[in-house]
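Okay, so here's the structure we're looking at.
Residue numbers (this note's numbering): 1 to 341.
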């Protein structure tokens with residue numbers, strides 16, 4: 001590598017990451033392959049060359065090793081069993097996987113892909129977010145019903161004037177390779193043609209091929225096998241067979257009638273914990289509000305509670321009460337809301 005390139009990298013790239021005691025380090029790319037890509041840059045148009053120089057420069061300075069988070073103690077997920085009782089089977093499965101991860105010398109967290117299948121509104125996306133939070137890893141969401149092209153995930157070749165990196169590449173440019181990806185509505189992606197989800201997702205969901213993933217833009221093989229994929233669907237029967245076979249599948253039922261009041265309170269607590277304004281409100285939700293919201297889907301509860309928070313704030317109150325819940329909601333018979341199991 002020339003002295004000039006070294007100097008350009010020093011100007012363009014950030015300082016090298018220093019590991020903490022709570023992480024492990026794993027190879028992210030091959031240094032020889034990176035040098036080969038840098039040597040080939042002279043054949044690219046100017047703008048694309050500059051963009052790749054910046055990307056390769058950051059890789060060069062950080063070195064080939066990257067942080068991978070350690071698997072937390074399975075006990076950190078116990079609250080999920082209470083907050084999401086209809087996902088208890090999923091939570092227990094993840095806890096078992098964490099026990100397995102912690103048997104290795106480095107205790108790095110690596111989880112197989114899972115699919116959560118169930119009716120709309122039962123809390124699949126909210127569960128994914130809270131699962132990632134308790135695992136202590138980043139969370140990203142991809143709406144596959146809107147992703148009509150693999151280019152959004154895999155990038156566009158740097159030989160094109162409109163070239164760009166894909167979501168996978170961008171996701172792994174953070175300090176840690178550990179991340180949870182929610183693949184929302186995987187049953188709604190197309191399954192026809194070379195650009196179909198059943199084609200470009202297959203390799204990403206296989207650990208061996210994901211470990212040598214190549215973004216079309218960078219053309220540099222990287223290790224994308226540390227991504228934890230949590231797919232959601234409403235009708236798993238619509239998913240292409242080879243794609244479905246990559247997942248451990250969980251059927252998510254409607255909440256049991258006895259769990260509904262606890263779910264309302266759990267969602268209220270998640271607002272207090274996760275929103276920047278949450279600490280402005282009282283720690284407990286009024287029982288009359290719980291009565292009014294009991295029986296709605298988790299999605300509707302979140303929507304109605306957020307509106308209640310906003311209404312209370314507009315009245316300069318620190319408590320959400322039944323006045324903040326629309327009359328039409330309170331008069332809606334519980335037996336006709338989401339049904340009872």
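Backbone N, C-alpha and C define an ideal beta-carbon position, used for all residues, glycine too.
Alpha-carbon to alpha-carbon, residue j and residue i
i           : j           : result
residue 160 : residue 216 : 11 Å
residue 144 : residue 230 : 12 Å
residue 326 : residue 289 : 11 Å
residue 187 : residue 111 : 22 Å
residue 279 : residue 269 : 10 Å
residue 120 : residue 82  : 21 Å
residue 211 : residue 115 : 21 Å
residue 225 : residue 29  : 12 Å
residue 36  : residue 202 : 28 Å
residue 237 : residue 184 : 16 Å
residue 213 : residue 38  : 18 Å
residue 306 : residue 276 : 13 Å
residue 77  : residue 292 : 29 Å
residue 200 : residue 57  : 28 Å
Under the three-state DSSP convention, the category residue i falls into
i           : result
residue 243 : helix
residue 219 : coil
residue 140 : strand
residue 226 : coil
residue 325 : coil
residue 164 : strand
residue 124 : helix
residue 181 : strand
residue 150 : coil
residue 114 : strand
residue 74  : helix
residue 64  : coil
residue 231 : strand
residue 187 : helix
residue 176 : strand
residue 133 : helix
residue 99  : helix
residue 270 : helix
residue 108 : strand
residue 306 : helix
Exposure label - residue i; buried when at least 16 CB within 10 Å
i           : result
residue 90  : buried
residue 124 : buried
residue 314 : exposed
residue 105 : exposed
residue 324 : buried
residue 298 : buried
residue 342 : The shown model of the chain, from 1 to 341, leaves out residue 342, and the question about it has no answer.
residue 99  : exposed
residue 208 : exposed
residue 287 : exposed
residue 218 : buried
residue 245 : exposed
residue 255 : buried
Test item: CB-CB of residue i and residue j under 8 Å
i           : j           : result
residue 247 : residue 113 : yes
residue 264 : residue 294 : yes
residue 162 : residue 156 : yes
residue 68  : residue 24  : yes
residue 142 : residue 167 : yes
residue 271 : residue 309 : yes
residue 131 : residue 180 : yes
residue 108 : residue 55  : no
residue 267 : residue 122 : no
residue 126 : residue 302 : yes
residue 41  : residue 49  : yes
residue 34  : residue 59  : yes
residue 223 : residue 27  : yes
residue 321 : residue 233 : no
Worksheet entry | Sufficient close CB pairs (3 or more, under 8 Å) joining the stretch 84–93 to the stretch 254–262 | yes
Worksheet item: For the 8 Å Cβ check, are there 3 or more pairs between the stretch 176–183 and the stretch 132–140?
Response: By the Cβ criterion, the stretch 176–183 is in contact with the stretch 132–140, since at least three pairs of Cβ atoms, one from each stretch, lie closer than 8 Å.
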